[in-house]
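Per the numbering used here, the sequence shown starts with residue 4, numbered consecutively.
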Amino acid sequence: MEKLFDKYINRQFDKNEVDVFLDEVFSYYPIKCENIRYIDNKNFDKLVSQLQKNPIIKKIIIEDIINIVKKASDGCSIQSPIIDELTGEIKSVIKGDLADNFSVESYAKQKNISVYYLVHLFKKTTGMTVLEYRDKERVHKAIEYLEGTNESISEISIKTGFCSPSYFSEVFKKYTTVTPTEFRKIIKEEKNAYKLKHFNYQDKILYNKIKSIDICGDVKEILKEDCVLDYIVSLPNEEYGFLHETAIIEYKGVLFAAWYNNKKLELTGRTTIRFSTSNDDGKTWSEAKIVRDDISAEILYCPPVFAVENETLYMFMNEMVGPDLIHSFDLLKYNNDTKEFQLVWSRPIPFKLNTNVYKLKNGKLMLPGRIGKLDGFPNTPAVLISDSGKIEDEWRLIKIQADGKLPDGANFVHPEISAIVLDERIYVFSRNDERNVPLVYISNDFGETWSDVLSHNIPFSSSKIYSGTLKNGVNYVVGNVYPGRNKLEIFFSKPNEINFDKKIVLQDGFSQHFRFGKMWHYPAACEYNNKLYVIYTVNMNWNTRGAVVSVIDIDKI
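Next up, the structure:
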């Protein structure tokens with residue numbers, strides 16, 4: 004109590020400060036719903052209202068408020084079915100009549116609950132105030148009218164309970180980043196029906212806020228059976244039921260594949276990096292060997308990516324202190340004698356890896372990924388550059404954009420990126436979790452500076468994309484296409500172009516060939532002996548996963 008009292012005794016209590024104070028009191032002394040009756044609601048609400056009106060007796064009022072809550076508290080969690088019922092009822096009342104000015108005070112009086120405690124409960128349960136929830140629901144209903152009717156902005160503002168068109172416009176823009184007039188223009192303007200056919204209103208807003216490039220026109224589908232062979236790399240077992248984030252590379256005529264494993268759940272418990280090799284072009288794979296493992300599970304290892312330089316095979320990986328909480332950026336080197344990977348260095352760089360190393364035409368090296376704070380979540384797309392072109396030297400960070408925000412205010416979640424390098428021009432494709440708008444960035448100076456985010460017209464869904472260039476100059480990009488992760492497709496361009504005009508459907512739901520499979524995702528690829536090897540995760544069910552490889556005959560595409 005003393006801690007709370009000392010913190011607030013010298014504060015000036017306006018309405019916002021009162022709300023902050025009460026939130027902290029109720030959080031510090033949580034109350035079981037059945038004990039709410041121990042609060043004298045009239046007295047409590049009167050004391051709260053006096054905080055702003057009677058600063059002279061503030062000391063007494065603060066003590067009384069804390070004591071009342073403390074007395075009713077039993078130190079248990081405030082979550083209960085009764086609380087869920089209360090918040091659910093408030094939501095239903097608001098949704099039932101958006102034009103009505105719902106009164107929290109009247110509802111609290113009806114339920115014999117302190118209005119301040121009710122406000123606290125609602126925010127604790129929903130993450131927003133009652134008024135914020137009401138405004139959000141009004142905006143959702145307004146969107147329905149704007150999309151489905153020709154009613155005027157004034158008429159819609161009245162029907163959805165806003166006091167004036169100007170206030171309606173202000174609130175609408177707060178939640179959507181555009182005014183109602185701008186929104187109606189966006190949804191009526193179907194300037195590119197192909198892109199917009201599966202877009203919701205948030206996708207349409209983002210799409211209209213950014214520039215767009217067409218990289219995919221009339222696409223010829225090449226039949227998979229004419230040019231692709233599929234092989235198993237690793238299947239789940241009792242010890243390693245979960246596998247994800249595969250990588251693949253050729254080294255001295257041998258294919259190397261790597262991934263991380265968990266026993267059952269993604270990034271839960273021991274998270275082990277393992278690798279396997281194939282000496283027969285991917286048909287069969289050796290028993291997987293452990294690269295790094297922490298039995299205590301205090302450090303999670305994920306994900307592996309490869310590089311070859313001066314006839315030496317390297318593997319990069321991240322150490323994590325929790326799922327996607329990046330602690331370090333590590334480099335390992337393959338020992339040809341012991342057939343093991345050995346640590347070269349570990350650096351405190353919170354950079355999450357996504358693809359193998361790219362060699363730039365200026366002699367430098369580039370690693371695409373995402374950056375965050377040390378031991379934090381990386382949500383900003385970025386690249387690392389080796390200016391010397393040497394794997395073991397220093398790597399310099401360049402952010403592709405300033406932060407982890409999309410232009411419409413939404414957050415990037417997992418902006419996993421991969422690249423296509425065309426001389427000094429580089430295209431970087433990015434995963435987009437929050438919107439269905441496919442994203443790409445462009446650099447015209449070997450990755451030193453980057454364009455604003457652009458949209459493109461390959462309808463990738465929310466999953467990792469992998470891209471690169473074949474020795475014949477043909478560019479490729481592989482990923483899941485909308486919706487979901489059931490269908491995995493690879494697109495090919497003409498030599499030295501970025502326009503993709505051919506594709507192969509690598510997987511689409513259950514595989515008759517393998518006799519298993521639901522989802523196929525998180526691809527990686529490498530070229531060897533005129534074949535393109537595409538490795539990826541396969542879900543037997545949601546949490547049971549293995550890895551397979553598709554071997555594409557380049558001459559037949």
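C-beta: ideal position from N, C-alpha, C; glycine also.
Check	Outcome
Rounded C-beta distance between VAL541 and PRO526? I'm assuming under 8 angstroms.	Incorrect: roughly 11 angstroms between the Cβ atoms, too far for contact.
Of the residues LYS467, ALA291, GLU158, LYS393, which one's Cα is nearest the Cα of TYR317?	LYS393
Curious, which full-length beta strand (DSSP E) runs of at least 3 residues does the segment 111-148 contain?	none
Whose C-alpha, out of LYS162, GLU147, THR163, is nearest the C-alpha of PHE186?	GLU147
Within a Cβ cutoff of 8 angstroms, which residues of the same chain sit near LEU457, ignoring the five residues on either side of it in sequence?	ILE213, LYS214, SER215, ILE216, LEU442, VAL443, TYR444, ILE445
Three Cβ pairs or more, each shorter than 8 angstroms: is that satisfied between the segment 135-152 and the segment 162-173?	yes
Indicate the three-state DSSP secondary structure (helix, strand or coil) for ASN544 in the structure shown.	coil
Helix, strand or coil: how does DSSP classify ALA3 here?	This structure leaves residue 3 out entirely; the chain is present only between 4 and 560.
Below 8 angstroms CB to CB, which residues in the same chain sit around ILE190 once its five sequence neighbours on both sides are set aside?	LEU149, GLU150, TYR204, LYS207
Based on Cα-Cα distance, which residue from ILE329, LEU328, PRO326, GLU322 lies nearest to LEU335?	GLU322
Indicate, with yes or no, if the ligand SAM has a heavy atom lying under 7 angstroms from the CB of LEU457.	You won't find the ligand SAM in this model; it holds no ligand whatsoever.
What residue from ARG488, VAL257, PHE463 has the CA that sits closest to SER289's CA?	VAL257
Given 8 angstroms as the limit, is there contact between the segment 458-468 and the segment 429-441, that is, 3 or more CB pairs closer than that?	yes
Per DSSP, what are the beta-bridge partners of ASN203 in this structure?	DSSP lists no partner for ASN203.
Taking the alpha carbon of HIS524 as the reference point, which residue from ARG548, GLN515, ASN502, PHE517 has its own alpha carbon closest?	ARG548
Just the Cα atoms here: how many angstroms apart are THR128 and LEU509?	44 angstroms
Got a sec? Which residues, its chain only, sit under 6 angstroms from ILE159 by beta carbon, not counting five neighbours each side?	ALA145, TYR148
Span of the beta strand (DSSP E) holding PHE259?	257-265
Check SER95 in the structure and name its three-state DSSP category.	helix
What residue ranges within the segment 317-344 form continuous beta strand (DSSP E) runs of no fewer than 3 residues, ordered along the chain?	328-338
Since VAL508 sits in a beta bridge, which residues does DSSP pair it with?	GLU492
Look at the alpha carbon of LEU246 and the alpha carbon of TYR110, and state the distance between them as a whole number of angstroms.	51 angstroms
Could you check whether the segment 323-331 touches the segment 303-312, counting it as contact only if at least three pairs of C-beta atoms, one from each stretch, sit closer than 8 angstroms?	yes
Could you tell me the alpha carbon to alpha carbon distance between PHE517 and GLU492, rounded to whole angstroms?	18 angstroms
Considering only DSSP beta bridges, list what PHE519 is partnered with.	SER514
Hey, out of LYS267, TYR263, THR287, LYS286, whose CA is closest to ARG570's CA?	Because the chain here runs from 4 to 560, residue 570 falls outside it and cannot be looked at.
Considering just the uninterrupted stretch of the alpha helix (DSSP H) at VAL174, what are its terminal residues?	168-179
What did DSSP end up calling GLY379 once you bin it into helix, strand or coil?	strand
Indicate the three-state DSSP secondary structure (helix, strand or coil) for ASN478 in the structure shown.	strand
Out of SER470, ASN489, VAL122, LEU50, point me to the one whose CA is closest to ILE501's CA.	SER470
DSSP on GLU224, reduced to helix/strand/coil?	strand
Hey, is the segment 355-367 in contact with the segment 307-317, meaning 3+ C-beta pairs nearer than 8 angstroms?	yes
Would you call the CB atoms of LEU473 and ILE557 closer than 8 angstroms?	yes
According to DSSP, is GLY151 helix, strand or coil?	helix
Could you tell me which residues DSSP pairs with ARG277 in its beta bridges?	TRP262, ILE293
DSSP on ILE429, reduced to helix/strand/coil?	strand
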